[in-house]
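Each residue of the sequence shown is one higher than the last, beginning at 1 in my numbering. Beneath this line is the structure, given in structure tokens, with notes to follow.
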Amino acid sequence: MFGIILSIAAALLLLAFSLLSISRKRTIAGSILSLSVFLLAVIEILNQLSLNLASDYFIYKKIALFLESFLPVTLLISSISYARQKPFKTVSIIWGFIIASAMCFPAGIFFFDIDSFFYSPDFQTEKILFLGDVGYWFYLGIMLYCILALMNFEATFSSTSGIDRWRIKFEALGIMSILSVLIFYYSQGLLYRTINMNLLPIRSGVFIVASLLAVYSKIFREKESRVVVSRYILYRSLSLLVVGVYLITLGLIGQGMKYFDVSFSKHLTVFLAFVGGILVLLVLLSDTLRRHIRVFISKHFYKSKHDYREEWLKFTDRLATCRTFADVQEATLTTFREIFGLKVASLYLLDSKKERYLPVSPHPESGNSLALEKSAGLISYFRERGRVFDTSNYDYVVTEDEDSFVKANKAVLIVPLIFNKNVEGFVVLGWQLASERFNYEDYDLMKVLARQAALSIINFRLSEELAEAREVAALGRISSFIIHDLKNLTYALSLTLDNAEDYIGDPEFQKDMVDSVRITLSKMKNLIQKLKSIPEKHALNTKLTDIQLLTQKTAREIGKPGQDVNIVHNESRAFSMIDEEEIRKVIINLIINAFDAIDGNGAVKIETGIDGDAGYIRVSDNGPGMTEDFINEHLFKPFRTTKDKGLGIGLYQCKQIIEAHGGKILAESRPGVMTAFTVYLPLADASDITF
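This is the structure we're talking about:
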């Protein structure tokens with residue numbers, strides 16, 4: 001009963017995994033993976049039926065055998081296409097041949113008689129299938145294809161990093177666990193020439209755990225990930241080598257038992273199989289062993305130790321994904337550790353005062369945060385020789401501090417980061433995963449990577465400095481606006497004070513003066529409030545406004561006694577959806593500029609009206625005017641002015657306000673004759689206007 005429950009649970013979870021695979025990824029790759037898992041679910045049910053309906057076991061096992069014949073091709077295609085970029089366009093001729101040869105398995109079902117695959121004299125009691133010659137090679141072939149699929153899945157997973165690895169980790173581990181237990185299940189054919197169906201509960205249990213991992217990944221972590229497997233697949237995928245050694249060992253044990261007539265406990269077989277699996281995991285997760293194998297392969301199978309182009313492109317791509325300065329630092333150290341097999345690497349950069357080198361990314365295992373003072377000897381060594389500093393052979397006189405620094409970091413090599421002949425920092429290479437003597441190829445690649453890293457570090461530093469400069473500039477620009485508005489308000493107070501000398505005894509003037517001072521103080525408070533929210537941008541507070549009445553009221557508030565101000569209103573009243581306070585600033589700016597231009601010896605004309613689909617406000621004066629060059633090159637730009645005491649902010653601010661309203665401001669001037677500024681604002685919809 002327990003075995004039935006396990007098989008049902010395993011089949012249901014495998015079906016859930018299959019449905020999620022095809023529903024989340026409606027691609028050929030997703031469909032093939034879904035088909036593979038579906039086949040395993042059906043095979044699981046058929047195997048359980050053959051165990052519990054022993055009288056008809058042959059029928060169910062024959063159907064299961066037929067479905068098993070499709071596992072090699074589906075599993076292999078799934079492993080090649082899983083999470084890879086353009087998988088079917090990059091399949092080599094060899095892999096194509098291997099995939100095509102997998103179709104021999106279903107063909108063999110029809111070509112050979114079923115009795116040549118397996119037989120069981122007493123299946124009801126033993127639950128063991130004895131393999132014939134055809135069955136032996138059949139299940140051995142399925143096992144080998146499972147190994148190839150496992151190799152591909154493990155290579156894909158090993159090629160991922162960061163968020164991509166996080167997304168597919170549980171699913172990939174689940175699939176690899178399924179393949180591992182299949183290899184274990186079919187390996188007994190190599191050892192005993194049997195298929196022991198008493199081991200089905202073990203397989204079902206692994207299926208359950210693996211399916212749970214995959215389903216969890218599909219539901220909570222499923223995102224589109226596309227992986228490119230590098231040329232170092234042999235370095236990164238040791239499953240083929242380790243599993244091969246494992247199977248050869250099983251074969252030798254089987255032959256030894258036959259030769260010496262040794263009986264072997266089945267429970268001990270299972271125990272050794274899983275102990276072997278644990279050892280396999282230990283090997284696959286050992287970075288030190290991986291490094292030893294990589295060094296061995298590089299020495300004996302490749303003419304060049306490094307593919308410079310491949311490593312440089314990989315490093316460049318990694319830097320391109322960096323979004324912060326810390327990302328650049330981590331990418332640099334990760335690249336050095338991976339390529340040169342390092343356990344410890346630290347990054348030091350020149351401080352802001354350019355006096356010493358500080359550790360910005362010390363490796364946690366180094367336990368060292370020692371700074372290094374900038375010395376003439378070390379800098380000269382790096383700058384003039386452009387070499388990597390080998391701490392095992394000092395070829396220049398080091399200072400006491402430098403010697404202490406090397407010993408404290410247990411440094412093997414120091415790689416300078418040179419930009420524009422300046423040593424901006426260096427990478428300290430420490431403990432190695434595998435003892436290895438670096439040669440000229442390593443040094444050349446280190447210098448290439450260091451130049452690229454130095455360039456990226458400088459770019460990010462300059463970007464940060466530029467961002468800070470922009471923030472300061474933005475603060476200064478907004479502060480200039482505030483100062484300019486305060487200047488206009490003090491100008492209005494100054495006019496009120498000038499008028500008070502002549503009209504202070506007039507009760508009506510006294511009332512107007514108090515109201516004017518109160519309004520001005522309110523505006524000053526609002527400006528101070530805005531300073532608290534710098535650099536936030538406030539939305540316009542628009543409402544339907546009569547442009548003519550607003551202009552008339554504003555002009556009357558700031559008009560000078562005895563000053564020739566002519567206000568002309570053309571056509572009908574002009575209504576627009578505007579922020580009164582902001583447009584009032586524009587009108588005040590234009591009128592004050594006109595007053596400053598005539599300097600008490602001229603006339604100012606204010607005109608409003610409608611021109612097409614826009615209302616306009618025109619302020620003109622008969623002052624000295626502006627040159628055409630100043631209008632074209634400098635007008636409406638910040639900090640550009642013709643006034644001796646002006647800030648050059650007013651017209652720039654006016655242009656920003658008008659454009660925010662969807663309008664425009666134009667200037668016309670003739671030197672020595674006149675100047676006119678015209679503001680155009682969109683007219684409100686007639687349906688919005690009520691009288």
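Beta carbons: idealized from backbone N, C-alpha and C, even for Gly.
Same chain, Cβ closer than 7 Å to F260, neighbours up to 5 away in sequence not counted: On the sequence shown, position 260 is the one that residue 260 refers to. Its pLDDT being 49, under 50, F260 is placed unreliably in this model, and the value from its coordinates should be taken loosely. No residues qualify anywhere along the chain.
Host alpha helix (DSSP H) of V42 (start-end): Taking the first residue of the sequence shown as position 1, residue 42 is located at position 42. Counting along the chain, the unbroken alpha helix (DSSP H) around V42 starts and ends at 28-52.
Using only the alpha-carbon positions, how far apart do G132 and A16 sit? As a working note, residue 132 is residue 132 in the sequence shown. As a working note, residue 16 is residue 16 in the sequence shown. Cα-Cα distance, rounded: 35 Å.
Host alpha helix (DSSP H) of V73 (start-end): Within the sequence shown, residue 73 is the residue found at index 73, counting from 1. Note, V73: alpha helix (DSSP H), 71-81.
Applying the 10 Å Cβ sphere with the 16-neighbour rule, what's the burial state of Q124? Your numbering for residue 124 matches position 124 in the sequence shown. Exposed: under 16 other Cβ atoms inside 10 Å.
T156 by DSSP, collapsed to three states: which one? Indexing the sequence shown from 1 puts residue 156 at position 156. Helix at T156.
To which residues of the same chain is K374 closer than 8 Å at the C-beta, ignoring the five residues directly before and after it? As a first step, residue 374 is located in the sequence shown; it is residue number 374 there, counting from the start. A distance below 8 Å between beta-carbons, with the five flanking residues on each side excluded, links K374 to the following residues of its chain, in chain order: L350, K354, E355, R356, Y357.
From this set, K605, L681, L497, I28, which residue's C-alpha is nearest D579's C-alpha? Working through the sequence shown from its first residue, we reach residue 579 at position 579. Residue L681 is the option with its Cα nearest to D579.
Who are the near neighbours of M197 in its chain, counting only those whose CB is closer than 8 Å to its CB and skipping five residues on each side? For the purposes of this step, residue 197 is identified with residue 197 of the sequence shown, where counting begins at 1. Excluding residues up to 5 positions away in sequence, N47, S50, L51, K127, I128, L129 lie with their Cβ nearer than 8 Å to the Cβ of M197 in the same chain.
Tell me the DSSP secondary structure of I534 in three-state form. The residue you call residue 534 lines up with position 534 of the sequence shown. Caution is warranted here: a pLDDT of 44 is assigned to I534, below 50, making its placement in the model unreliable, and no coordinate value can be reported.
Contact the stretch 161-180 vs the stretch 97-111: 3+ CB pairs below 8 Å: Touching, no, given that fewer than three Cβ pairs across the two stretches are closer than 8 Å.
Alpha-carbon spacing of V412 relative to E330, whole angstroms: The residue you call residue 412 lines up with position 412 of the sequence shown. The residue you call residue 330 lines up with position 330 of the sequence shown. Those two C-alpha atoms are separated by around 20 Å.
Around the Cβ of Q510, are there at least 16 other Cβ atoms within 10 angstroms (buried) or fewer (exposed)? In the sequence shown, residue 510 corresponds to position 510, counting from 1. Counting C-beta atoms within 10 angstroms of its own C-beta, Q510 has fewer than 16 neighbours from the protein chains shown and is therefore classed as exposed.
Cβ contact (3+ pairs, closer than 8 Å) linking the stretch 1-9 and the stretch 33-40: Short answer: they don't touch.
Can you list, in chain order, the residues of its chain whose CB lies under 7 Å from that of N152, leaving out five sequence neighbours each side? As a first step, residue 152 must be located in the sequence shown, where it is residue number 152. Result list for N152: S79, I80, in chain order.
When you compare the stretch 104-112 with the stretch 133-151, are there three or more beta-carbon pairs, one atom per stretch, that lie closer than 8 Å? Under the three-pair Cβ rule at 8 Å, the stretch 104-112 counts as touching the stretch 133-151.
Among I504, V673, C654, which residue has its Cα nearest to the Cα of K664? For this step, residue 664 is matched to residue 664 along the sequence shown. Selection I504, V673, C654 evaluated against K664 yields C654 as nearest (Cα-Cα).
With DSSP as the reference, identify every bridge partner of L349, one or two as the case may be. What you label residue 349 is simply residue 349 of the sequence shown in a count that begins at 1. L358, G425, per the DSSP bridge assignment.
Contact check, R385 vs I418, beta carbons under 8 Å: Reading the sequence shown from its first residue, position 385 is the one you call residue 385. Reading the sequence shown from its first residue, position 418 is the one you call residue 418. Between R385 and I418, the gap from beta carbon to beta carbon reaches 8 Å or more.
For L486, list the residues DSSP reports as bridge partners. What you label residue 486 is simply residue 486 of the sequence shown in a count that begins at 1. For L486, DSSP records no beta bridge to any residue.
Within a Cβ cutoff of 8 Å, which residues of the same chain sit near V206, ignoring the five residues on either side of it in sequence? Along the sequence shown, one-based indexing puts residue 206 at 206. Scanning its chain for C-beta atoms nearer than 8 Å, with the 5 sequence neighbours on each side dropped, one finds around V206 the residues S177, I178, S180, V181, in chain order.
For N589, does the count of other Cβ atoms within 10 angstroms reach 16, so buried, or fall short, so exposed? One-based indexing of the sequence shown puts residue 589 at position 589. Buried, by the Cβ-count rule.
Name the one or two DSSP bridge partners that Y680 has. To locate residue 680, count along the sequence shown from 1; it is residue 680. According to DSSP, which records beta bridges pairwise, Y680 is partnered with Y616, K664.
Might you give, ordered along the chain, the residues of its own chain that have their beta carbon closer than 6 Å to the beta carbon of S69, omitting 5 neighbours on each side? Working through the sequence shown from its first residue, we reach residue 69 at position 69. Cβ neighbours of S69 beyond the five flanking positions: F105, P106, I109.
Do G625 and T551 have their C-beta atoms within less than 8 Å of each other? Within the sequence shown, the letter at position 625 stands for residue 625. Within the sequence shown, the letter at position 551 stands for residue 551. It is not a contact, given that the beta carbons lie outside the stated cut-off.
Residue from L666, G615, D629 with nearest C-alpha to L683: Residue mapping note: residue 683 aligns to position 683 of the sequence shown, counting from 1. Closest by alpha carbon: G615.
Which one of Y57, I458, V209, V215 has the shortest CA to CA distance from L19? Here residue 19 corresponds to residue number 19 of the sequence shown, with the count starting at 1. The candidate whose alpha carbon is nearest that of L19 is V215.
Quick check: the Cα distance between R323 and S456, rounded to an integer number of angstroms? Here the question's residue 323 lines up with position 323 in the sequence shown. Here the question's residue 456 lines up with position 456 in the sequence shown. About 11 Å.
Hey, A453 and T332: beta-carbon distance below 8 Å or not? Here residue 453 corresponds to residue number 453 of the sequence shown, with the count starting at 1. Here residue 332 corresponds to residue number 332 of the sequence shown, with the count starting at 1. Closer than 8 Å, so yes.
With distances taken between CB atoms, is the gap from A574 to G623 smaller than 8 Å? Counting from one through the sequence shown, the residue named residue 574 turns up at place 574. Counting from one through the sequence shown, the residue named residue 623 turns up at place 623. No.
Looking at the structure shown, is K410 part of a helix, part of a strand, or coil, going by DSSP? In the sequence shown, the residue the question calls residue 410 occupies position 410. Under the three-state reduction of DSSP output, K410 falls in the coil class, being neither helix nor strand.
CB F184 to CB I168, shorter than 8 Å? Taking the sequence shown and counting its residues from 1, the one referred to as residue 184 is at position 184. Taking the sequence shown and counting its residues from 1, the one referred to as residue 168 is at position 168. The answer is no: Cβ separation not under 8 Å.
Look up D685 in the DSSP assignment and say whether it is helix, strand or coil. As a working mapping, residue 685 is identified with position 685 in the sequence shown. In the structure shown, D685 sits in coil (DSSP, three-state: anything other than H, G, I, E or B).
Here's a check: name, in chain order, each residue in its chain whose Cβ is nearer than 7 Å to the Cβ of F389, leaving out the five neighbours to either side. The sequence position of residue 389 within the sequence shown is 389, counting from 1. Closer than 7 Å at Cβ, skipping near neighbours: Y381, L413, I414.
Using CA coordinates, which residue listed in I547, S346, K553 is at the minimum distance from M577? In the sequence shown, residue 577 corresponds to position 577, counting from 1. The option with the nearest alpha carbon to M577 is I547.
Sorted by chain position, which residues of the same chain lie with C-beta nearer than 7 Å to L65's C-beta, five sequence neighbours on each side aside? As a first step, residue 65 is located in the sequence shown; it is residue number 65 there, counting from the start. The residues are I109, F117.
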